[in-house]
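Asks: In full-length UniProt numbering, the protein residues as written are 1 to 145. Once you've had a glance at the structure underneath, I'll fire off some questions.
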């Protein structure tokens, strides 16, 4: 199971753009078809579900980028040296927020994960949750009682 999760995280940065492109295209087609009808309306449940998939793909892809930042198979100290941090290092990692740090003996840390990763992950999770909630709401609203 752990190897499957690792494989998903390793492939997420490469597969997420494909999912994002497909869902963005589907949303654009839905929006183009909707313009012909005219008027402003709330998005339907399908559009909200597509937006939730789009946000989840972005969050998972960026999370994969963050987890793989500073990933080095052979020796973590080589990873720290490649980042340009001086001295002897011990790598510390956290899952959420995504963090991989090279820490010196004096406690000075150098973050290996790009600064934009965590806000994008949290934004994607938030947008996906809200869009999924809107899809459920719109689905229940459009169903005859």
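Glycine included, C-beta positions come from ideal geometry on N, C-alpha and C.
Between the alpha carbons of residue 108 and residue 101, how many angstroms are there, rounded?
Replies: Cα to Cα, residue 108 sits roughly 10 Å from residue 101.
Asks: Go ahead and pull the three-state DSSP assignment for residue 124.
Replies: Helix at residue 124.
Asks: Measuring only the C-alpha atoms, how far is residue 120 from residue 141?
Replies: Using only the alpha carbons, I get a separation of about 31 Å.
Asks: Between the C-alpha atoms of residue 19 and residue 54, what's the straight-line distance to the nearest angstrom?
Replies: If you take the alpha carbons of residue 19 and residue 54, they lie about 7 Å apart.
Asks: Taking the alpha-carbon positions, what's the residue 59 to residue 104 distance?
Replies: About 31 Å.
Asks: If we call anything under 7 Å between Cβ atoms a contact, is residue 52 one with residue 139?
Replies: No.
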